[in-house]
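S.K.: The numbering of the sequence shown is our numbering, which starts it at 10 and goes up by one. Provided herewith is a single structure, encoded as structure tokens, for subsequent inquiry.
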Amino acid sequence: MIQRAANPQDLVTAIERLDRVHVCVVGDVMLDRFVQGGVARISPEAPVPVVAEAHVDEMPGGAANVAMNLLAYGAKATLIGVCGAGPDGDALIARCKEEAGLNAILLREDDRRTTVKTRIVVKSQQMIRLDSETVGDITDATCAAILSKAREIIPACGALILSDYAKGVLTPALCAGLIAIADAADVPVLVDPKRRDLGIYAGATLVSPNARELAQVTGITVRDDAEAAYACEALLSQFPGIGAVLATRGEAGMTLLERDGEALHVPTVARSVFDVSGAGDTVIATVAAGLAAGLPLGDAVRLGNAAAGIAVGKAGTSTVSRDELRHGIGIDPPHRPVSREQAGAIAAGWRQSGKSVGFTNGCFDLLHAGHLHSLEYARSQCDFLVVGINSDASVRRLKGESRPVQDEASRARLLASLRFCDLVVIFDEDTPYDLIAAIKPDVLFKGADYSGKQVVGSDIVEAQGGRVELIPLLDGHSTTRLVEKLRT
């Protein structure tokens with residue numbers, strides 16, 4: 010039986026609160042490495058393609074990716090995990106330190122290799138994955154150190170996530186200790202399991218296996234809603250210490266069963282599937298954040314389902330923003346600019362999806378037909394267009410104290426409302442050089458009046474194989490002329 014439908018306003022309110030929640034994540038941290046390149050020939054040594062490496066992207070993965078999903082919502086996340094003592098561990102720690110809002114506590118063991126998943130990608134197609142890792146239980150000393158940190162942190166959190174990739178961090182002793190700490194503080198515990206013996210999670214609020222994992226635990230093949238409900242019921246019967254089970258079923262959606270409750274079947278939102286990597290991380294992070302924001306479990310699951318539908322449409326272990334989540338539940342995002350960091354992350358996701366990213370910039374003080382012509386032309390030459398807009402202070406330095414006529418918030422809102430502007434970013438410098446470095450566009454657009462001139466940021470774009478394109482101007486249109494006309 011399907012439970013009541015969610016009140017959309019409750020979901021919207023919870024989304025607005027996500028930047029006020031604090032969630033603790035404990036589990037198996039990893040380093041996701043993506044080697045992007047091209048293939049032009051077959052190796053003379055064996056019948057395999059030769060990949061010419063273009064660039065390498067590294068990002069936190071596993072339990073760390075769960076934390077990244079929380080940060081994408083503006084939430085605060087504390088991450089506790091274990092890595093090795095070598096350079097891969099150094100790289101993972103360095104990447105985590107770069108993330109604003111993340112309190113990363115990564116303990117190190119000399120005999121452990123940091124889990125690294127290296128993916129060779131050509132034209133958005135993953136060709137091979139190489140795994141380097143140590144699979145084995147952490148030491149008793151490491152377990153004790155984690156519990157000591159957890160006692161300080163968990164009581165102040167809105168939820169605890171155990172992200173178990175079966176690499177050896179979440180031992181039975183550690184799980185029991187963490188769940189006891191959370192239970193004493195009335196903090197819900199959500200588990201993403203990768204093992205058949207779910208008894209070690211006794212006391213958890215919810216476990217979230219996928220359909221294959223659910224079948225392995227219960228011996229019940231899940232092909233429809235009825236079988237999913239039956240398998241969830243069997244799991245709760247088999248493990249009486251678990252409060253609820255959320256079965257993620259890919260294109261079939263999700264099934265939630267709370268102990269002594271009725272099954273809630275949430276259908277997936279139909280959209281193209283590009284990459285399922287990290288979708289489970291997105292689900293568990295969103296459900297936990299929803300609970301921490303005050304949603305009942307059923308509504309938090311609906312929010313997680315919407316987030317999963319967005320995540321699988323992106324390449325790699327991508328995250329979901331609050332604006333995307335609003336849109337995913339049928340609420341259009343507000344027209345507003347994003348930060349440089351947000352724009353860089355979004356643009357990276359677009360590029361990993363094989364899409365081209367364009368960039369242009371200007372003051373856009375009084376929006377006129379010439380601006381619209383240039384922006385529409387630029388958008389027609391790329392898949393996504395990022396527009397940089399000078400801040401009020403920057404405009405004053407460039408144009409004089411009487412400018413701008415409109416403040417930066419008004420100018421940015423107007424641009425963001427245009428269908429051919431995918432992202433709008435305000436920058437405070439005199440030039441957009443640093444912004445271009447963050448976005449790394451494939452195409453840099455400027456007006457044709459820049460012919461023969463050095464275009465700011467062209468060195469960045471051309472160094473990575475991109476191009477500069479000059480836009481034909483629409484005669485007779487100029488903001489300066491408009492301002493002078495208004496003053497006369």
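Ideal Cβ placement from N, Cα and C applies to all residues, glycine included.
Use the C-beta contact count for ARG7: other C-beta atoms within 10 angstroms, 16 or more gives buried, fewer gives exposed.
M.R.: No answer is possible for residue 7: the residues shown for the chain start at 10 and end at 497.
S.K.: Note down the Cα distance separating LEU27 from VAL60, rounded to an integer number of angstroms.
M.R.: The residue labelled residue 27 in the question sits at position 18 within the sequence shown. The residue labelled residue 60 in the question sits at position 51 within the sequence shown. Distance between the alpha carbons of LEU27 and VAL60 is about 42 Å.
S.K.: DSSP beta-bridge partners for GLN45?
M.R.: Along the sequence shown, read from residue 1 onward, the residue named residue 45 stands at position 36. In the DSSP output, where bridge partners are listed per residue, GLN45 has HIS64, VAL130.
S.K.: Taking the CB atoms as reference points, tell me whether VAL254 and THR291 lie closer together than 9 Å.
M.R.: Counting from one through the sequence shown, the residue named residue 254 turns up at place 245. Counting from one through the sequence shown, the residue named residue 291 turns up at place 282. The answer is no: Cβ separation not under 9 Å.
S.K.: When the Cα atoms are used, what is the spatial distance from VAL21 to GLY145?
M.R.: Along the sequence shown, one-based indexing puts residue 21 at 12. Along the sequence shown, one-based indexing puts residue 145 at 136. Looking at the two C-alpha atoms, the distance is approximately 42 Å.
S.K.: Quick check on the burial criterion: 16 or more other C-beta atoms within 10 angstroms. Buried or exposed for SER572?
M.R.: This structure cannot speak to residue 572, because the chain is shown only from 10 to 497.
S.K.: Opposite ARG50 in the DSSP bridges: which residues?
M.R.: Counting from one through the sequence shown, the residue named residue 50 turns up at place 41. DSSP, once it has assigned bridges, lists VAL59 as partnering ARG50.
S.K.: I think SER172 touches ASP66, with their Cβ atoms under 8 Å apart; what is that distance to the nearest whole Å?
M.R.: For the purposes of this step, residue 172 is taken as residue 163 along the sequence shown, with counting starting at 1. For the purposes of this step, residue 66 is taken as residue 57 along the sequence shown, with counting starting at 1. SER172 to ASP66, Cβ: 21 Å. No contact.
S.K.: Distance, Cα to Cα, LEU139 vs VAL310?
M.R.: To locate residue 139, count along the sequence shown from 1; it is residue 130. To locate residue 310, count along the sequence shown from 1; it is residue 301. Spanning the two alpha carbons is a distance of roughly 33 Å.
S.K.: Are ILE6 and ALA320 closer than 9 Å when you measure CB to CB?
M.R.: Because the chain here runs from 10 to 497, residue 6 falls outside it and cannot be looked at.
S.K.: How would you write the range of the beta strand (DSSP E) that ASP201 sits in, first residue to last?
M.R.: Residue numbering aside, residue 201 sits at position 192 when the sequence shown is read from its first letter. Note, ASP201: beta strand (DSSP E), 198-201.
S.K.: Taking buried to mean at least 16 other C-beta atoms within 10 Å of its own C-beta, is SER367 buried or exposed?
M.R.: Start at 1 with the first residue of the sequence shown, and residue 367 comes out as number 358. A small fix is needed here, since residue 367 is Gly in this sequence, not Ser. With 16 or more other Cβ atoms within 10 Å, it is buried.
S.K.: Please state the DSSP three-state secondary structure of ILE11.
M.R.: What you label residue 11 is simply residue 2 of the sequence shown in a count that begins at 1. Confidence at ILE11 is low in this model, with a pLDDT of 36, below 50, so its placement is unreliable and no value can be given for it.
S.K.: Considering only residues of the same chain and omitting the five flanking positions on each side of ALA175, which have a CB-CB separation below 8 Å?
M.R.: Working through the sequence shown from its first residue, we reach residue 175 at position 166. Once the five neighbours on either side are set aside, the close Cβ partners of ALA175 are ASP37, VAL144, LYS203, ARG204.
S.K.: I'd like to know whether the C-beta atoms of PHE393 and LEU334 end up nearer to each other than 9 Å.
M.R.: For this step, residue 393 is matched to residue 384 along the sequence shown. For this step, residue 334 is matched to residue 325 along the sequence shown. Cβ atoms of PHE393 and LEU334: not closer than 9 Å.
S.K.: Going by DSSP, name the residue or residues bridged to VAL477.
M.R.: For the purposes of this step, residue 477 is taken as the residue at position 468 of the sequence shown. Answer is LEU453, bridged to VAL477.
S.K.: Look at ALA168 and LEU300 and say whether their C-beta atoms are less than 9 Å apart.
M.R.: Sequence index remark: in the sequence shown, residue 168 carries index 159 (1-based). Sequence index remark: in the sequence shown, residue 300 carries index 291 (1-based). Against a cut-off of 9 Å, the Cβ pair of LEU300 and ALA168 comes out as a contact.
S.K.: Under the assumption that ILE229 contacts GLY212 (Cβ atoms under 8 Å), give the Cβ distance between them as a whole number of angstroms.
M.R.: The sequence position of residue 229 within the sequence shown is 220, counting from 1. The sequence position of residue 212 within the sequence shown is 203, counting from 1. Not quite, the Cβ-Cβ distance comes to about 24 Å (not below 8 Å), so this is no contact.
S.K.: Look up GLU236 in the DSSP assignment and give the residues it is bridged to.
M.R.: One-based indexing of the sequence shown puts residue 236 at position 227. Paired residues: none, contrary to the question.
S.K.: Three-state secondary structure (DSSP) at PRO305?
M.R.: The residue labelled residue 305 in the question sits at position 296 within the sequence shown. Residue state, collapsed to three classes: coil.
S.K.: Pick out the complete beta strand (DSSP E) segments inside the region 131-210, 3 residues or longer, and give them in chain order.
M.R.: Qualifying beta strand (DSSP E) stretches, in chain order: 134-141, 168-172, 198-201.
S.K.: Going by DSSP, name the residue or residues bridged to ASN399.
M.R.: Residue 399 sits at position 390 when you count from the first residue of the sequence shown. Paired residues: PHE436.
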